[in-house]
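**Student:** I am attaching a structure below and will ask some questions about it afterwards.
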Amino acid sequence: MTSAIVDIHPHIISDDESRYPPAPLFGKRSDWSKERPTTVETLIAAMDAAGVAKAAVVHSSTTYGFDNRYVVEGCSKYSDRLVAVGSVDVLQPDAPERIREWVGLGLAGLRLFTGGSTKEFDPSELDDPRAFPAWELCGELGLTMCIQTGPIGLPQVTALARRFPKVPIILDHLGRPEVADGAPYAAARSLFDLASLDNIYLKLTPRIFGDVKKEKASAETFFPRVVEAFGAKRMAWGSNYPTSPGTLPEILATARAGLACLSDEDRAWIFGKTAQRLYPALA
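Last residue of the sequence shown: 283 (UniProt numbering), numbering continuous.
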């Protein structure tokens, strides 16, 4: 029996801007959210078409800033299949209070967005002591924390993983490693250096499946190396739908092709079991 497929990185955008007005973080709305808006109903239809059983839906910071209402309310409509991952300004003194409020409304995890589609990465907020009470609360409540950063932020991620060992930290897009140099992937050393920290998890999204096709990289040399370092139980697939172009069935097919070099057991963890460990409500 094959395990259920779980996606830990789709996004949803409401088609009702009067009820859910855009207020993007850093003041610039992401192009994809205007070009490919995807309501929760559209996501469910796409999941059905792709054979994806469940998902942890990631709040769009570049559309709604810290207003998690749509992701929370949308996921609660399909609570048998979806959980919401939201964002709170962890530098504010009331961050722990806000987190408790959102968790009370159904939030299952948090995400720190330090840059990406609309802004260069700034990892300074990651190790800002003002954020530590929020991190402590995540440890207390058993909440996962996704971090969107690049290699520039990995020293801060390392420090956080050591300081808050009870918080599962998921690196969005695998922390965007440089892989074009090919095996043994010396340029991605800062990523592999995280392997000894057992509360760090890796999210495999379309970005890495594209990067392993460039220059000297290959899926067959990269993914087994990551599994050897971290173990498949600390790796999970995320579609990045609809941010990444393509239909959900196409995005899943690309991921399956990229991971065909791994064992059935490893793929079962990456495509479902790890996600259910990170977000127990999806089990």
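All C-beta atoms in this analysis are idealised placements derived from N, C-alpha and C, irrespective of residue type, glycine included.
Please state the DSSP three-state secondary structure of S117.
**Tutor:** Note that S117 scores a pLDDT of 46, beneath 50, so its modelled location is shaky and nothing firm can be said.
**Student:** Is there a C-beta anywhere in chain D that falls below 7 angstroms from the one on K203?
**Tutor:** In summary, chain D is missing from the structure at hand, where a single protein chain is found.
**Student:** Looking at I170 and C138, is the spacing between their C-beta atoms short of 7 angstroms?
**Tutor:** no
**Student:** For the candidate residues D89, A131, I12, whose alpha-carbon lies nearest to that of W32?
**Tutor:** I12
**Student:** Going straight from the alpha carbon of V179 to that of L259, what length do you get?
**Tutor:** 16 angstroms
**Student:** Below 8 angstroms, how does it come out for the segment 214-223 and the segment 11-27: are there three or more Cβ pairs, yes or no?
**Tutor:** no
**Student:** Taking its Cβ as the centre, do 16 or more other Cβ atoms sit within 10 Å of P129, making it buried, or is it exposed?
**Tutor:** Exposed, because fewer than 16 other Cβ atoms sit within 10 Å of the Cβ of P129.
**Student:** Just to confirm before moving on: does the CB-CB distance between A108 and A257 stay below 7 angstroms?
**Tutor:** Cβ atoms of A108 and A257: not closer than 7 angstroms.
**Student:** Please report the distance separating the alpha-carbon of L25 from that of D67.
**Tutor:** 10 angstroms
**Student:** Quick one: using the 10 Å Cβ neighbour count with 16 as the cut-off for buried, is M1 buried or exposed?
**Tutor:** For M1, the predicted model reports a pLDDT of 35, less than 50, meaning its position is unreliable; a value from the coordinates is still stated below. Its Cβ having fewer than 16 others within 10 Å, M1 is exposed.
**Student:** Whole angstroms is fine: what's the gap from V103's alpha carbon to S76's?
**Tutor:** 12 angstroms
**Student:** What's the C-alpha gap between A232 and R207?
**Tutor:** 18 angstroms
**Student:** Sort out for me which residues DSSP pairs Q148 with in a bridge.
**Tutor:** Looking at the DSSP output, Q148 bridges to F113.
**Student:** From the DSSP output, in three-state form, read off G238 for me.
**Tutor:** Per DSSP, reduced to three states, the secondary structure at G238 is coil, with no helix or strand assignment.
**Student:** Find out if the Cβ-Cβ distance for the pair A161, A195 is shorter than 7 angstroms.
**Tutor:** no
**Student:** Given that a residue counts as buried once 16 or more other Cβ atoms are within 10 Å of its Cβ, and exposed if not, what is residue 289?
**Tutor:** Residue 289 falls outside the range modelled here, since the chain spans only 1 to 283, and no answer is possible.
**Student:** Roughly how many angstroms separate the alpha carbons of residue 347 and R19, rounded to a whole number?
**Tutor:** Since the first residue of the chain shown is 1 and the last is 283, residue 347 is not available in this structure.
**Student:** Measure the alpha-carbon distance for P123 versus A283 and round it to whole angstroms.
**Tutor:** 32 angstroms
**Student:** Would you list the residues sitting across from I169 in a DSSP beta bridge?
**Tutor:** By DSSP's assignment, I169 forms a beta bridge with M145, I200.
**Student:** Along the chain, where does the alpha helix (DSSP H) that runs through V58 open and close?
**Tutor:** Counting along the chain, V58 falls outside any alpha helix (DSSP H), though it belongs to the beta strand (DSSP E) covering 54-58.
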